[in-house]
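Visitor:
Protein chains: 2
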Amino acid sequence: MEDKEISQAVIGRLPRYFRYLGELKDAGIERISSQDLSELMKVTASQIRQDFNNFGGFGQQGYGYNVEHLYTEIGRILGLDQQHHFIIVGAGNLGRALGNYINFEKRGFIFSGIFDQDPTLVGKEIRGVKIMPMDQIEEFIRGNDIDIAVLTIPKSGAVAVAEKLVKNGIKAIWNFAHVDLNVPEGIQVESVHLSDSLMKLSYNLSNSARN
Amino acid sequence: MEDKEISQAVIGRLPRYFRYLGELKDAGIERISSQDLSELMKVTASQIRQDFNNFGGFGQQGYGYNVEHLYTEIGRILGLDQQHHFIIVGAGNLGRALGNYINFEKRGFIFSGIFDQDPTLVGKEIRGVKIMPMDQIEEFIRGNDIDIAVLTIPKSGAVAVAEKLVKNGIKAIWNFAHVDLNVPEGIQVESVHLSDSLMKLSYNLSNSARN
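Chains as they are written, first to last, in this note's numbering: chain A, 767 to 977; chain B, 767 to 977.
#1: Anything in chain A within Cβ reach of tyrosine 969 of chain B, meaning under 8 angstroms, just list it in chain order.
#2: Is the Cβ of methionine 900 of chain B closer than 8 angstroms to any Cβ of chain A?
#3: With respect to the beta strand (DSSP E) encompassing phenylalanine 875 of chain B, which residues constitute its N-terminal and C-terminal limits?
#4: Can you check whether the C-beta of glutamate 768 of chain B is within less than 8 angstroms of a C-beta belonging to chain A?
#5: Quick one, which of A:Val949, A:Gly841, A:Asn941, A:Asp817 has its alpha-carbon nearest leucine 860 of chain A's?
#6: What are the start and end residues of each continuous alpha helix (DSSP H) run of 4 or more residues lying completely inside the segment 900 to 959 of chain A, in chain order?
#7: With distances taken from CA atoms, which of A:Gly823, A:Asn869, A:Ala863, A:Gln848 is nearest leucine 917 of chain A?
#8: Does the Cβ of isoleucine 868 of chain B have 16 or more other Cβ atoms within 10 Å, making it buried, or fewer, making it exposed?
#9: Taking the Cβ atom as the reference point for each residue, do tyrosine 969 of chain B and isoleucine 777 of chain A lie within a distance shorter than 8 angstroms?
#10: Could you please give the first and the last residue of the uninterrupted alpha helix (DSSP H) stretch that includes isoleucine 814 of chain A?
#11: For glycine 879 of chain B, which of B:Lys872, B:Arg873, B:Ala915 has the nearest alpha-carbon?
#12: DSSP on arginine 797 of chain B, reduced to helix/strand/coil?
#13: Between which two residues does the beta strand (DSSP E) holding valine 855 of chain B run?
#14: Within 8 angstroms (strictly less), CB to CB, does leucine 803 of chain B reach chain A?
#15: Can you find a CB in chain A that lies within less than 8 angstroms of the CB of leucine 917 of chain B?
#16: Of the residues A:Gly935, A:Gly856, A:Phe821, A:Pro781, which one's Cα is nearest the Cα of glutamine 954 of chain A?
#17: Span of the alpha helix (DSSP H) holding threonine 838 of chain A?
#18: So what does DSSP say about lysine 890 of chain A, is it helix, strand or coil?
#19: Check glycine 830 of chain A in the structure and name its three-state DSSP category.
#20: Tell me which residues share the same chain as aspartate 769 of chain A and place their Cβ nearer than 6 angstroms to its Cβ, disregarding the 5 neighbours each side in the sequence.
#21: Contact criterion: CB-CB distance below 8 angstroms. Does asparagine 866 of chain A meet it with respect to chain B?
#22: Who are the neighbours of asparagine 859 of chain B on chain A, taking C-beta pairs under 7 angstroms?
#23: For leucine 964 of chain A, go through chain B and note every residue whose CB falls closer than 8 angstroms to its CB, in chain order.
#24: Is the beta carbon of glycine 794 of chain A closer than 8 angstroms to that of tyrosine 837 of chain A?
#25: Tell me whether isoleucine 868 of chain A sits in a helix, a strand or coil according to DSSP, three-state version.
#26: If you count every other CB in all the chains shown that lies within 10 Å of the CB of tyrosine 829 of chain A, and 16 or more means buried, which is it?
#27: Can you give me the Cβ contacts of proline 885 of chain A inside the same chain, cut-off strictly under 8 angstroms, excluding the 5 residues immediately before and after it?
#28: Name the one or two DSSP bridge partners that methionine 807 of chain A has.
#29: DSSP puts isoleucine 897 of chain A in a beta bridge; with which residues?
#30: Flag leucine 960 of chain B as yes if its beta-carbon sits less than 8 angstroms from any beta-carbon of chain A, otherwise no.
#31: Leucine 846 of chain A by DSSP, collapsed to three states: which one?
#32: CB isoleucine 903 of chain B to CB glycine 856 of chain B, shorter than 8 angstroms?
#33: Answer with yes or no whether the minimum CB distance from glycine 822 of chain A to chain B is below 8 angstroms.
#34: In chain B, what lies closer than 8 angstroms to aspartate 913 of chain A by C-beta?
#35: State buried or exposed for arginine 893 of chain A, treating a residue as buried only when at least 16 other CB atoms are found within 10 Å of its CB.
#36: So phenylalanine 852 of chain B and phenylalanine 875 of chain B are supposed to be a Cβ contact under 8 angstroms. How far apart are they, rounded?
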């Protein structure tokens with residue numbers, strides 16, 4: 767695969783293709799045309815072909831794509847053939863929910879550590895992983911080949927903690943703190959702003975009531 | 767405000783404006799130019815003006831926007847001046863995390879009920895709200911003016927549950943189940959696919975390592 771720059775919009779759509787192809791594969795379907803995939807996913811066939819052309823097109827022939835091949839290839843492009851070790855910073859409700867989510871392991875994301883500043887939480891276990899105090903985080907990252915940090919702390923501390931994580935070798939931050947993080951070039955950030963999503967729903971709800 | 771159709775891309779950016787304006791307001795800042803807002807938010811001033819023009823432009827004068835006014839107006843557009851009552855369907859880790867998140871109330875989203883099919887969870891409390899069994903959900907929605915349902919159940923049951931919710935008067939679904947919901951016209955769905963977000967991060971991490 768070429769290393770050319772692919773737009774974040776295309777990349778953002780890849781997981782959805784991967785999800786639908788996984789379901790087709792599980793259902794025993796071996797081939798699918800771009801037309802049928804288009805109807806299933808409610809996107810145009812032209813969009814699908816354009817997206818796939820970023821990666822060489824995946825060799826559709828007259829009778830469609832090979833589902834298993836396409837699933838494997840998109841998974842590989844997404845980096846799911848590699849293992850990543852992640853820590854969770856913040857063992858509140860959301861941090862514990864994410865720590866308990868076993869499906870991440872199926873995709874190669876290994877839950878390796880969880881940290882909190884609250885001494886009453888330290889020592890408790892999430893899926894066999896003990897909650898550690900915040901002052902052990904630097905040593906833990908460096909000693910355990912951790913490349914991803916999940917940030918589930920309030921926004922007040924998030925910027926300073928993110929800086930510390932990056933300084934100690936974290937390459938990617940999955941950010942749930944309600945703040946935009948500015949990180950050095952080469953560090954990846956993906957933010958999930960739950961409140962923003964709820965507000966968008968609120969807008970659409972209010973607007974549909976107005977019409 | 768006009769009822770014209772505004773693109774979901776613009777609407778998706780409104781919560782971020784609202785967040786930054788709230789921070790400026792809390793910091794005591796009364797006016798800001800589109801140029802300064804542009805630098806703060808790392809989007810172009812032209813993008814800001816285009817976005818705001820969808821709503822009449824908010825009357826920027828030579829010396830910039832009135833922060834308090836803009837914050838209030840965007841909040842009103844987002845429907846945050848109205849109260850909504852929501853239920854959570856699924857009292858697993860994520861459902862409990864969302865039930866415990868008190869900031870939703872500040873924005874007018876009132877946590878009114880939570881449901882689970884697991885009898886060992888029924889009767890337990892999340893912030894004073896008792897977990898109820900799934901077979902009470904229809905009566906509860908109809909009797910308590912519930913307009914939003916937060917769906918935090920596995921994908922296997924999500925489609926059937928969503929249908930039942932809509933049939934009983936739910937107008938908007940905040941969907942965390944890992945499946946796309948097809949709902950009747952007029953019903954709003956906003957999906958948070960956490961795995962999709964993590965896969966996007968994984969792509970960017972793998973791709974930065976390749977380069």
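Using N, Cα and C, we set each Cβ at its ideal position, and we do this for glycine too. Computed from a prediction, not measured in an experiment: that's the story for all the values here.
Guide: Let me lay it out:
#1: Here the question's residue 969 of chain B lines up with position 203 in the second sequence. Neighbours of tyrosine 969 of chain B on chain A, chain order: Ile777, Leu780, Ile843, Leu844, Gly845.
#2: As a first step, residue 900 of chain B must be located in the second sequence, where it is residue number 134. False, the Cβ-Cβ gap to chain A never drops below 8 angstroms.
#3: Here residue 875 of chain B corresponds to residue number 109 of the second sequence, with the count starting at 1. Per DSSP, phenylalanine 875 of chain B belongs to the beta strand (DSSP E) from 875 to 882.
#4: In the second sequence, the residue the question calls residue 768 of chain B occupies position 2. Residue confidence for glutamate 768 of chain B is low, a pLDDT of 46 falling below 50, so the modelled location carries little weight; the figure read from the coordinates is stated next. By this cut-off, glutamate 768 of chain B is not an interface position.
#5: Along the first sequence, one-based indexing puts residue 860 of chain A at 94. It is A:Asn941.
#6: 903 to 909, 921 to 933
#7: The count along the first sequence starts at 1 and reaches residue 917 of chain A at position 151. Per the Cα distances, A:Ala863.
#8: Working through the second sequence from its first residue, we reach residue 868 of chain B at position 102. So isoleucine 868 of chain B counts as exposed.
#9: As a first step, residue 969 of chain B must be located in the second sequence, where it is residue number 203. As a first step, residue 777 of chain A must be located in the first sequence, where it is residue number 11. In this structure, isoleucine 777 of chain A lies closer than 8 angstroms to tyrosine 969 of chain B by Cβ.
#10: In the first sequence, the residue the question calls residue 814 of chain A occupies position 48. Segment 811 to 819, the alpha helix (DSSP H) holding isoleucine 814 of chain A.
#11: The residue you call residue 879 of chain B lines up with position 113 of the second sequence. Ranking B:Lys872, B:Arg873, B:Ala915 by Cα distance to glycine 879 of chain B puts B:Ala915 first.
#12: Mapped onto the second sequence, residue 797 of chain B falls at position 31. Three-state result, arginine 797 of chain B: strand.
#13: Here residue 855 of chain B refers to the residue found at position 89 of the second sequence. Unbroken beta strand (DSSP E) run through valine 855 of chain B: 850 to 855.
#14: Here residue 803 of chain B refers to the residue found at position 37 of the second sequence. So no, leucine 803 of chain B is outside the interface.
#15: For the purposes of this step, residue 917 of chain B is identified with residue 151 of the second sequence, where counting begins at 1. So, not an interface residue.
#16: As a working note, residue 954 of chain A is residue 188 in the first sequence. Nearest option by C-alpha distance: A:Gly935.
#17: In the first sequence, counting from the first residue as 1, residue 838 of chain A sits at position 72. Its alpha helix (DSSP H) spans residues 833 to 843.
#18: Taking the first sequence and counting its residues from 1, one reaches residue 890 of chain A at position 124. Collapsing the DSSP output to three states places lysine 890 of chain A in coil.
#19: Walking along the first sequence from the start, residue 830 of chain A turns up at place 64. Three-state result, glycine 830 of chain A: strand.
#20: Start at 1 with the first residue of the first sequence, and residue 769 of chain A comes out as number 3. Unreliable positioning characterises aspartate 769 of chain A in this predicted model, as indicated by a pLDDT of 49, which lies under 50. A coordinate reading is not provided.
#21: What you label residue 866 of chain A is simply residue 100 of the first sequence in a count that begins at 1. It does; some Cβ of chain B falls within 8 angstroms.
#22: Here the question's residue 859 of chain B lines up with position 93 in the second sequence. Residues of chain A passing the Cβ test: Arg862, Ala863, Asn866.
#23: Along the first sequence, read from residue 1 onward, the residue named residue 964 of chain A stands at position 198. Residues of chain B passing the Cβ test: Phe870, Arg873, Phe875, Trp940, Glu956.
#24: As a first step, residue 837 of chain A must be located in the first sequence, where it is residue number 71. As a first step, residue 794 of chain A must be located in the first sequence, where it is residue number 28. The Cβ atoms of tyrosine 837 of chain A and glycine 794 of chain A lie no closer than 8 angstroms to each other.
#25: On the first sequence, position 102 is the one that residue 868 of chain A refers to. DSSP places isoleucine 868 of chain A in coil when its eight states are reduced to three.
#26: As a first step, residue 829 of chain A is located in the first sequence; it is residue number 63 there, counting from the start. Tyrosine 829 of chain A sits exposed, since fewer than 16 C-beta atoms from the chains shown fall within 10 Å of its C-beta.
#27: Your numbering for residue 885 of chain A matches position 119 in the first sequence. Leaving aside the five residues that flank proline 885 of chain A on each side, the residues in its chain whose CB is nearer than 8 angstroms to its CB run, in chain order, Pro899.
#28: If you number the first sequence from 1, residue 807 of chain A lands on position 41. Its beta-bridge partners do not exist; DSSP assigns none.
#29: Here the question's residue 897 of chain A lines up with position 131 in the first sequence. Note: isoleucine 897 of chain A sits in a beta bridge opposite A:Ile880.
#30: Your numbering for residue 960 of chain B matches position 194 in the second sequence. Judged by the 8 angstroms Cβ criterion, leucine 960 of chain B is in contact with chain A.
#31: In the first sequence, residue 846 of chain A corresponds to position 80, counting from 1. The answer is coil: DSSP assigns leucine 846 of chain A none of H, G, I, E or B.
#32: Residue numbering aside, residue 903 of chain B sits at position 137 when the second sequence is read from its first letter. Residue numbering aside, residue 856 of chain B sits at position 90 when the second sequence is read from its first letter. Taking 8 angstroms as the Cβ cut-off, isoleucine 903 of chain B and glycine 856 of chain B do not qualify as a contacting pair.
#33: Locating residue 822 of chain A in the first sequence gives position 56, where the first residue counts as 1. So no, glycine 822 of chain A is outside the interface.
#34: To locate residue 913 of chain A, count along the first sequence from 1; it is residue 147. Here the neighbours are Leu971.
#35: Indexing the first sequence from 1 puts residue 893 of chain A at position 127. So arginine 893 of chain A counts as exposed.
#36: Taking the first residue of the second sequence as position 1, residue 852 of chain B is located at position 86. Taking the first residue of the second sequence as position 1, residue 875 of chain B is located at position 109. Phenylalanine 875 of chain B and phenylalanine 852 of chain B do touch by the CB rule: their CB atoms are close to 6 angstroms apart, below 8 angstroms.
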